[in-house]
Every structure is written in structure tokens, then in C-alpha cells.
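Asker: Sharing a structure here in C-alpha cells format.
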Amino acid sequence: MHPLRKQRLMIVIFIVVFSSVAVGLMAYALRENINLFYPPSKIAAGDVPHNTRIRAGGCVKPGSVQRASDSLEIRFLITDGISDVKVNFNGILPDLFAEGEAAVINGIVTESGEINASEVLAKHDENYTPPEVAEAMKDKGEHQKTCEGLKYGA
Amino acid sequence: MALDFVQLAPEMGQFALILSLCLSAALFVLPLVGAHYGSNVLMQSGRSLATGFFIFVTFAFCCLVYSFLHDDFSVKYVASNSNSLLPYYYKISAVWGGHEGSLLLWIFMLAGWTFAVAIFSRSLPLDMQARVLAVMGFVAVGFLSFILFTSNPFDRILPIPPQDGGDLNPLLQDIGLIIHPPVLYMGYVGFSVVFAFAIAALLTGRLDSAWARWSRPWAIMAWGFLSVGIALGSWWAYYELGWGGWWFWDPVENASFLPWLVGTALIHSLAVTEKRSLFKSWTLLLAIFTFSLSLLGTFLVRSGVLTSVHAFANDPERGVFILAFFLLVVGGSLTLFALRAPVVKGSAGFNLLSRETFLLGNNILLTIIMIMVLIGTLYPLVADALSLGKISVGPPYFNLFFLPLMGLLCLLMAFGPLSNWKRTSGMQFVKLLWKPWAISLAIGLIFPLVYRDKYEILAALTVFIASWIATALLADLFYRLRNSDSFLAGLRKLSLSYFAMLVAHAGIAATTLGVGLTSIYTEQRDVRMEVGQKVTVVEYDFILNKLTHIDGPNYTAEEALITVMKDGKFLREMKPQKRRYLASGSTMTEVSLDVSLMRDLYVAMGEPLTETAWAMRVHLKPFVRWIWLGALMMGFGAVLAVADKRYRKAIKQESPVVEVAVGKLVNE
């Protein structure tokens, strides 16, 4: 083969091998690491895969936050006005986590329908609500006051 | 009189912005027309228009700063982002604390770069200069219309302005925010210069090594700013967010990382284009991509499609505008590329084992990494738009491919500087690199043994890769000095560009080391701490002594006094705070740090549990400083590269050539 062609062939092979490895890796990574978002009503209805990581979001139900007296364990309910879901978390909550405010939870749904949270996110500041939560509450109130328009007596 | 100016400053600022829009429109049109018809007057107008554009934008920017300093709360943007209690330096940084102002900062930077091009490109052929400035003018028109029509920072609240402002987001009241956005934007916007050069090259069809030599310093400078800017953002997140993390694969971080990845590929590809007249169309494509990704970053951050601390209160109109502009720039430049790229084709050949191949490998790897990060960032948005459900892509996805690919890139990095253009013998690599290989392998294998009790194989790998890069650089340096009389004499002969490469590559080694070792060895305790209680992290004991209440200028705080003992001996006291800002009512965590090159101690207050107990984060983060140290080295490397005298020499040599070129153009 002509040396120049041979060289081009090598380059092409190099590119093809690299990109196929990359694409394979990526497809695998994406499949394993996508977290779907669910509102509490879907979780309560059992429409959620168990033992995979999901994201859930809702308002922290006032009066539901319970803290252990000797550790950082905490329990609370999140709600979208339709159903409540129990969340277990062991760790430090973000600064703006509060009862009656929006929160996003990353975690695993147990067989009993509770969420074991590995991460809890709250609003970043007074003007900002995570879009997922705003979306989940869209019919319940204004974008920035998602939790205010909510009736908790569901 | 002074009072009059206070009242008028916003109007004058707005007026200056409108004028600069007119000037930039002229800057876009006139030099292009001039270059097309060979009119010297029109082509030369580019420089004056660029200067005027710069002056008026600077004036507008100063007007906004002035309104902030004088607490003019009748200006809506000032009212929502400042407060009379803020110290003056935060009033200034509050200028870019929100959407409108940060956009003005973007434009201010663009004007600065355009002005710099006007000053430093005198030696360029006039038509090239005119076209470059015209492209900068085009970008300016886009952003100035954006700011004037959708997000004017000078809008008033009339007739009844508020008594006091709503305060700057406390997260942003910090030294990190004073410097992070300007430096980052310098990088983002700096790539517009290379983009302009690329478009000008496509328009003229002239892409030679002179072109690459003109573009290189601009690309390198923008890249240096971006490197440091990203590092500053990471540093800020580390101590300000109070989670102890320094990189979250947050979409906005990714948005700044994407142009960095392609920009890194670009500066390497430009080297090949300059030295060997190869990869020409690829270089152009990278220049277009880099700037497009900067724009995409701006779009992602500003359009409110993302969940992030950077996403300010948004309205959809803005997103649509930026998206349209983005599509115009990308579509337009890619169309131009498709039409004109064949004109600038290079034809020289090179051997498989050559510096060209290694730089090509660098480019391919970086591009793949960029595409992966891009997909991970955009996939949730696309899925949402197509109603496939709300999803998020977490750090495991990014780490899974980023780490191996980056590791491979780092392994190959050692070969690049040692290889020759065109052809390198495999024996040369073996001869020069067996020692670095052996030494770094030994260091890598021994380090985890000495450092901690538990042997971490990944730590060995990290240390191996970092020392492999560093020792290979040293091997290259000594190889180059082999024939010189003395070490110093030899050093003096080497070019600044070479030292720049050494420093920047060593910076990558440092960052790699920092990233790897911090991730592997971080000790993290999230605990409940009573007054008097002790928490032990490796050889450090943290004792909570007392809790006090403190009143600051615009906040009140709870402060914990923590004594740190190392191996039973007193080391220092640490005072983390939990602040409540009065104006906005928001809560902030002030982290207390004990900084050193080998490890950081990191203490943050979580939340009060009882009168005498708090949830606390106590972290030991080994080598975390190396991450940012490496980025600073990259920035310093960029400065060295640009300072190399060959770029200035080139100007002197080319001056007569330019006149000839212009003369020829006129004759034609």
C-alpha cells in the first residue's frame, strides 16, 4: 500500500477504535447513571422501581420533621398535595431546608415505599426553587411560592 | 452637580450602550464592505470604531458601578442586587452578581478584547485586521441587542423607588465572586478573538503559518484565563457552599469546562498549524467550536433551563434570544466552513510516530471527552424537551468515562514534548523515557505504602501518572540541555514558549495529583457535636469548646470555637460560623479552614440540634490545594507563552511585508 494511504488508514482505524470505545462506554454509563424524577404521588402509588436511585421532589410537610436525639438521623414527609412519602436521611441538611419549603431528594425507594435519601437538596436562595419541584407543583401555585399554595391536609 | 450625576448616571449608561450598539453595527458592516471592495478608508475605520465601542461600553459599565456605589435604588437592578449596608467592594462585585450586570460584564470584556485586537494587530494585513474586527463587531451587536432589548441593567423603578435594596445573594458576598466571574468571562470572551480570526481566514481563504502565529497568543491567553477562572469557581464552591466538594459535575460547571476542553485541543492544534501547516481545517473547526461552546455556556446559564446556583431568576424570552443567536453563529460559521474549508487544505505528510500524531491524539481524546461531557449535560434537557421524563445525570456517569480517558491523555502527554515533528524513532522514546517510567512507577507504588495504612491501588496509579508527566518533562529538559556548557547557560537558550509548556504541563500533573489524592484520601465526618465533645479524624482531634453569638455588619452569626490537636498537641483554633443575613433573611455557612500544601482541615457548621449541640462537618482533605495550584500554573504557563519574544519578533519582521501586502491589494 502507498505509505501515505497506509498512514491514513492507521489514523482512520485509530479514530474508529477510539470513538467506538467511547460510545460504548458512554451508552453504558448513561444507562447506569440516569436518575429519573418522581413526584410523591407516583411513589405512593407504587409507580417507582425499587432499589434503584431516583430523584424525588416535593414540599417538606410542616410538623413532620423528626430528629434523633443522639445522631444525625432525620425523618420527614414530602408531599405534592396529593400523597405524602416518608424520607429517611442520615446527615446534614442544606441551609435552606425547612418545613413548608421545597426539597429534592436523591435516594432509593424501599419495598415499603419510603425513600432512603443519600442526598437532600433545598432551595438555593429565596428566589430560587429547583425546576423539578416547580414543575411537580405547577398546578398548585406560583413558581417561586410552590409550597405556599399547597394544602397539606391531603 | 454631583447629585445630578448620581441621578443621571443610569440614563447616561443606557445612552452609552445604545451608542456602542450603533458603533458595533458599524464595526460589523464597514470594514467588511471595505475588505470586499478594497477600500482602505473603510478597512481602517475598524480600529477607530473598535476604540469607540470600547470607550462607550467602559463608560456604561462605570455608570452602573457608580449607581451601585451611590446606592441608587431607583435602578431596578441595583435595588435587587445591592444594599446600603454592603461594604464598597461587594457593591462593586454586586455589579456582576445578577443576570443583567453579568451580561454587561460579558460585553465589557468583549469590548476589551476587541480593543486589544485593534491595538496589537497593527502588523496584520489590513484586510485580515478589518475582517477580524468586523466579526468581533458582529458578536458585539448580538450581545448588545440582547442586553438592550431583554435585560437592561439600567431599568428604573419609578415613581417610588424602594428605600433600601434587596441585598446581594450572601453566597456571592465573597472574594471568590469578586474575581471568579471576570476571570472566567475573560476566558469565555477571549475565544471570540480566535473565532474572529478563524472566520476571517475562511473569508479570505488564507490560512498559513503566519495566521496561526497571529491567532496563537490570543487562544493561549483566553485559555489561560479560562483555566484560572474555572479553578476559581471550584475554589469558591469548596469553601463557600460548605459541602466540602470542589467539583460537582453541575451543568454550569460543565458549561465552563466544555470550552476549556476544546480550547485545550485548539491551542495544541494551532501549534501544528503554525509549525507544520497541517490540521488547518481542523484548527478552524476547533476555533468555531470553542467559541460556540462559550456561547452555549452562556445560553445554558442564562436561559434558566438548568438547576443551578448560577441560574438567576429568568424569563423565557431571554433564552430564546440567546438560543437564536447561538444557532445563527454556529449555523453561519459551520456553513461558511463547509463552503470554504477545502480552500485552506494542507498537504504535508507525517510519520505515524511523530509529534503530529501525538497532538492529533490529544485533540481526539479531548474532543471525545468534550462530547461526553456535552451529552451528559444536555441529555436531561433534551429528554425533558421530548417528554421522556425528568432525569438527571449524576457524577458517576461523568467519572466513569472522564477518569479513564483523562488518564490515557495524561499517559500520552509525556510523549508529546519529547517527540520530533514529522518522524521520531521508537528507540528515542525508549532511551529517554525508561528512566522516568521506572522512577515514577517506583514513586507511585511506594507512595500509598508510606502515606496511609491501607494500600490504595488508585492512589498508586494517580501518583504514578502525575510523576510520569513531571519526570518525562525533566527528561526532556535535560535532553535539550545535553550539549550546553553549563546548566544555566543551557536554560537561557531555551525559549519562553518551551518553559511555558513545561509549567503548563506540570500544572496538569499537579491538578491530576490533587484531584486523585483528594478523592481517594478525603476523610469526612458528618457528626453531632456537643460542647466539650471530641471528634477524631486520622491524627487530628477536633474539640468543640463553646458556641457564641456574633453580630456582623449586615448579618448575625453563631460561631463555634473548635480546638484542633494533632497527635495530642495543640495545633490551632478554628471558628466556623453560621450566618443569617438581615436584609434577605438567608442563611450562610462560613467554613473554617486550615490550609497547607499537604492537606486542608475543613470544619463547617451544619444545623443547630439543641442549645449545646450542632451538626458539624469535619473533613480532612489531603492535597486539595494542588488542584488549584495546577490551574494557576497553567495560567502562568499561558502568560509565559504569550510573552515569548517570537510573537513580537514576528511583528517587526512582518511590518514591511504588510505594507507590500496592502500595496498589492490596492493595486489589485
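Sequence order for the protein chains is A and B. Mapping to my numbering: the first sequence position 148 is 184, numbers consecutive. Mapping to my numbering: the second sequence position 418 is 419, numbers consecutive. Yeah, the Cβ is synthetic: ideal placement off N, Cα and C, and Gly gets one too.
Decide if B:Gln164 is buried, meaning its Cβ has at least 16 other Cβ atoms within 10 Å, or exposed.
Answerer: Numbered from its first residue, the second sequence carries residue 164 of chain B at position 163. Exposed.
Asker: Mapping the DSSP letters down to three states, classify B:Asp477 as helix, strand or coil.
Answerer: For this step, residue 477 of chain B is matched to residue 476 along the second sequence. B:Asp477: helix per DSSP, three-state reduction.
Asker: Anyone know if the C-beta pair for B:Asp527 and A:Ile128 falls short of 8 Å?
Answerer: As a first step, residue 527 of chain B is located in the second sequence; it is residue number 526 there, counting from the start. As a first step, residue 128 of chain A is located in the first sequence; it is residue number 92 there, counting from the start. Against a cut-off of 8 Å, the Cβ pair of A:Ile128 and B:Asp527 comes out as a contact.
Asker: Below 8 Å between beta carbons: does that hold for B:Leu594 and B:Val538?
Answerer: Looking up residue 594 of chain B in the second sequence gives position 593. Looking up residue 538 of chain B in the second sequence gives position 537. Contact: no.
Asker: Excluding five sequence neighbours on each side, which residues of the same chain lie with their C-beta closer than 6 Å to the C-beta of B:Val516?
Answerer: Here residue 516 of chain B refers to the residue found at position 515 when the second sequence is read from its first residue. If we look at B:Val516 and ignore the five residues flanking it on each side, its Cβ neighbours are Ile628.
Asker: Roughly how many angstroms separate the alpha carbons of B:Phe198 and A:Lys42, rounded to a whole number?
Answerer: For this step, residue 198 of chain B is matched to residue 197 along the second sequence. For this step, residue 42 of chain A is matched to residue 6 along the first sequence. Distance between the alpha carbons of B:Phe198 and A:Lys42: 34 Å.
Asker: Can you list the residues of chain A that B:Ser235 reaches, using a CB-CB cut of under 8 Å?
Answerer: Against the second sequence, residue 235 of chain B aligns to sequence position 234. Residues of chain A passing the Cβ test: none, with the nearest at roughly 18 Å.
Asker: Whole angstroms are fine: how far does the CA of B:Val133 sit from the CA of B:Ala639?
Answerer: The residue given as residue 639 of chain B occupies position 638 in the second sequence. The residue given as residue 133 of chain B occupies position 132 in the second sequence. Approximately 22 Å, taken between the alpha carbons.
Asker: Let me know the secondary structure DSSP gives B:Ser393 once reduced to three states.
Answerer: Here residue 393 of chain B is taken as the residue at index 392 of the second sequence, counted from 1. Note: B:Ser393 maps to strand in three-state DSSP.
Asker: So with CB distances below 9 Å, who are the chain A contacts of B:Glu591?
Answerer: Within the second sequence, the letter at position 590 stands for residue 591 of chain B. Those do not exist, as B:Glu591 stays about 11 Å from chain A at its closest Cβ, beyond 9 Å.
Asker: Determine, using beta-carbon pairs with one atom in the stretch 351 to 367 of chain B and one in the stretch 276 to 284 of chain B, whether at least three such pairs fall under 8 Å.
Answerer: The stretch 351 to 367 of chain B, when compared against the stretch 276 to 284 of chain B, does touch it at the 8 Å Cβ threshold.
Asker: With 16 as the cutoff for other CB atoms within 10 Å, does B:Glu612 come out buried or exposed?
Answerer: Taking the second sequence and counting its residues from 1, one reaches residue 612 of chain B at position 611. Exposed: under 16 other Cβ atoms inside 10 Å.
Asker: Any idea which residues DSSP pairs B:Glu101 with across the strands?
Answerer: Residue 101 of chain B sits at position 100 when you count from the first residue of the second sequence. Answer is none; B:Glu101 lacks a bridge partner.
Asker: With 8 Å set as the bound, which would you pick, yes or no: does the beta-carbon of B:Asp527 sit closer than that to a beta-carbon of chain A?
Answerer: Walking along the second sequence from the start, residue 527 of chain B turns up at place 526. Closer than 8 Å: yes.
Asker: Within 8 Å (strictly less), CB to CB, does B:Leu379 reach chain A?
Answerer: Position 378 of the second sequence, counted from the first residue, corresponds to residue 379 of chain B. For B:Leu379, the answer is no, since every Cβ of chain A falls outside 8 Å of its Cβ.
Asker: Once DSSP output is grouped into helix, strand and coil, what is the label at B:Glu608?
Answerer: The sequence position of residue 608 of chain B within the second sequence is 607, counting from 1. In this structure, B:Glu608 counts as strand in the three-state DSSP scheme.
Asker: Can you give me the Cβ contacts of B:Pro171 inside the same chain, cut-off strictly under 6 Å, excluding the 5 residues immediately before and after it?
Answerer: Within the second sequence, the letter at position 170 stands for residue 171 of chain B. Result list for B:Pro171: Tyr582, Ser587 and Met589, in chain order.
Asker: So, B:Tyr556 versus B:Pro623, is the Cβ gap smaller than 8 Å?
Answerer: Residue numbering aside, residue 556 of chain B sits at position 555 when the second sequence is read from its first letter. Residue numbering aside, residue 623 of chain B sits at position 622 when the second sequence is read from its first letter. Not closer than 8 Å, so no.
Asker: So B:Ala51 is in the alpha helix (DSSP H); what residue range does that whole segment cover?
Answerer: Here the question's residue 51 of chain B lines up with position 50 in the second sequence. Element bounds for B:Ala51: Asn41 to Leu70.
Asker: Ignore the nearest five residues each way along the sequence and tell me which others in B:Ser235's own chain have a CB closer than 6 Å to its CB.
Answerer: Numbered from 1 along the second sequence, position 234 holds the residue referred to as residue 235 of chain B. Correct list, in chain order: Trp247 and Trp248.
Asker: Under 8 Å between beta-carbons, which chain A residues line up against B:Phe402? List them in chain order, please.
Answerer: The sequence position of residue 402 of chain B within the second sequence is 401, counting from 1. Residues of chain A passing the Cβ test: Ala58, Leu61, Met62 and Ala65.
Asker: Along chain B, which residues have their Cβ under 7 Å away from the Cβ of A:Arg91?
Answerer: Numbered from 1 along the first sequence, position 55 holds the residue referred to as residue 91 of chain A. Going along chain B in sequence order, the residues near A:Arg91 (Cβ under 7 Å) are Ser393.
Asker: Assign B:Glu275 to one of three DSSP states: helix, strand, or coil.
Answerer: Translated into positions along the second sequence, residue 275 of chain B becomes position 274. In this structure, B:Glu275 counts as helix in the three-state DSSP scheme.
Asker: Residues of the stretch 98 to 127 of chain A in Cβ contact with chain B at a cutoff of 9 Å, in chain order, please.
Answerer: Listed in sequence order: Arg103, Ala104, Ser105, Asp106, Ser107, Leu108, Asn126 and Gly127.
Asker: When the cut-off is 8 Å and only beta carbons count, does B:Arg618 lie next to chain A?
Answerer: Counted from its first residue, the second sequence places residue 618 of chain B at position 617. So yes, B:Arg618 belongs to the interface.
Asker: Between the Cα of B:Ala415 and the Cα atoms of B:Ile509, B:Gln45, B:Asn352 and B:Phe74, which residue gives the shortest distance?
Answerer: Walking along the second sequence from the start, residue 415 of chain B turns up at place 414. B:Ala415 has its Cα closest to that of B:Ile509, out of B:Ile509, B:Gln45, B:Asn352 and B:Phe74.
Asker: With DSSP collapsed to three states, give me the class of B:Ser235.
Answerer: Mapped onto the second sequence, residue 235 of chain B falls at position 234. Of the three classes helix, strand and coil, the one that applies to B:Ser235 here is helix, per DSSP.
Asker: Measure from the C-beta of A:Leu72 to each C-beta in chain D and report whether the shortest distance is under 8 Å.
Answerer: Here the protein chains are A and B, and chain D is not one of them.
Asker: Can you find a C-beta in chain A that's less than 8 Å from the C-beta of B:Glu608?
Answerer: Translated into positions along the second sequence, residue 608 of chain B becomes position 607. Closer than 8 Å to some Cβ of chain A, the Cβ of B:Glu608 qualifies, so yes.
Asker: Output yes or no for whether 8 Å exceeds the beta carbon distance between B:Gly102 and B:Leu125.
Answerer: Taking the second sequence and counting its residues from 1, the one referred to as residue 102 of chain B is at position 101. Taking the second sequence and counting its residues from 1, the one referred to as residue 125 of chain B is at position 124. Not a contact, by the Cβ cut-off of 8 Å.
Asker: Across the stretch 108 to 123 of chain B and the stretch 266 to 274 of chain B, are there enough close Cβ pairs to call them in contact, namely three or more that are closer than 8 Å?
Answerer: No, the stretch 108 to 123 of chain B does not touch the stretch 266 to 274 of chain B.
Asker: Is there a C-beta anywhere in chain B that falls below 8 Å from the one on A:Leu191?
Answerer: This structure does not reach residue 191 of chain A, given that chain A is present from 37 up to 190, and the question cannot be answered.
Asker: Measuring alpha carbon to alpha carbon, tell me which of B:Thr519, B:Asp552, B:Gly569 and B:Gly553 ends up nearest B:Phe543.
Answerer: If you number the second sequence from 1, residue 543 of chain B lands on position 542. Of B:Thr519, B:Asp552, B:Gly569 and B:Gly553, the residue nearest in Cα terms is B:Gly569.
Asker: My assumption, with CB atoms under 8 Å, is that A:Ile90 sits in contact with A:Tyr74. Please give the rounded CB distance.
Answerer: Here residue 90 of chain A is taken as the residue at index 54 of the first sequence, counted from 1. Here residue 74 of chain A is taken as the residue at index 38 of the first sequence, counted from 1. So it is a contact: roughly 6 Å between Cβ atoms.
Asker: Applying the 10 Å Cβ sphere with the 16-neighbour rule, what's the burial state of B:Gly98?
Answerer: Reading the second sequence from its first residue, position 97 is the one you call residue 98 of chain B. By the neighbour-count rule (16 or more Cβ atoms within 10 Å), B:Gly98 is buried.
Asker: Between B:Ser270 and B:Gly35, what straight-line distance do the alpha-carbon atoms span, to the nearest angstrom?
Answerer: Locating residue 270 of chain B in the second sequence gives position 269, where the first residue counts as 1. Locating residue 35 of chain B in the second sequence gives position 34, where the first residue counts as 1. For B:Ser270 and B:Gly35, the distance between alpha carbons rounds to 31 Å.
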